[in-house]
Amino acid sequence: RPGSTGRINLSNFYMALVMVSAMGVIMLVSMWGMFKNKRLNVFLLGAFAVGFLAVLTLGRSETFVGDDQFLRSMIPHHSRAILVCQESTLTDPEIIALCEQIVSLQTEEIQQMKETCSATDRGSRDSPVARSASVVRDPQPG
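In this note's numbering, the protein residues as written are 1 to 142.
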């Protein structure tokens, strides 16, 4: 895929665990009678519910998501926006123009994020983001 980094990112991992734990709760509640071990059912229901809340909290607060994980989660996010623009059947000229802008800008941003990820993987501090964010120091001390 054009926007893929080829790596799992923490934000998507959190989302997957939220879905798994929610599905566990739904399955247990809807098929309670099929599972005969009531103690195990109660334990699993509690574990899935606690897991759901814990992972939801981790995901919403972006816990453990630093620079690298942020970029790796934003690349597929931007790719999705491009895909939606390209695949949608649009008729409103204003929305079409907006989509063209989205595709153009987010394609550039994806490239910049990929370059930054590559530079980070190589251990380089000279990434596109680092260059554009460099601060000019005041030549006079104090």
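Glycine residues also receive a C-beta, built at the ideal position from the N, C-alpha and C atoms.
When the options are compared against residue i, the one with the closest alpha-carbon
i: SER79; options: ARG39, ASN37, GLY33 and GLN111; result: GLN111
i: ALA81; options: LEU71, VAL103, ALA97 and GLN69; result: VAL103
i: SER11; options: ARG122, ASP92, ARG60 and SER88; result: ARG60
i: SER21; options: LEU53, LEU40 and MET113; result: LEU53
i: ALA16; options: LYS36, LEU44, ALA47 and LEU56; result: LEU56
i: PHE48; options: ASN37, VAL25 and LYS38; result: VAL25
i: MET74; options: PRO93, GLN106 and TYR14; result: GLN106
i: VAL65; options: ARG39, GLU108, PHE13 and SER30; result: PHE13
Which of helix, strand or coil DSSP assigns to residue i
i: SER88; result: coil
i: PHE64; result: coil
i: ASP121; result: helix
i: MET181; result: In the structure displayed, the chain extends from 1 to 142; residue 181 sits before or after that span and is not available.
i: MET23; result: helix
i: PHE70; result: helix
i: MET34; result: helix
Range covered by the alpha helix (DSSP H) that runs through residue i
i: GLY59; result: 38-61
i: ASN9; result: ASN9 -> no alpha helix (DSSP H), and no H or E assigned at all.
Cβ-based neighbour list, residue i, same chain, cut-off 8 Å, excluding 5 preceding and 5 following
i: GLY67; result: A small fix is needed here, since residue 67 is Asp in this sequence, not Gly. Closer than 8 Å at the Cβ level, and outside the excluded window around ASP67, lie THR120.
i: LEU90; result: ILE96 and CYS99
i: GLN69; result: ASN9, LEU10 and SER11
i: LEU44; result: GLY24 and LEU28
Beta-carbon contacts of residue i that lie in its chain and below 7 Å, excluding the five residues immediately before and after
i: VAL18; result: PHE52, VAL55, LEU56 and GLY59
i: ASP138; result: In this prediction, ASP138 scores a pLDDT of 45, lower than 50, which makes its location untrustworthy; no coordinate-derived value is stated.
Proximity test, Cβ basis, 7 Å: residue i and chain B
i: ILE75; result: In summary, chain B is missing from the structure at hand, where a single protein chain is found.
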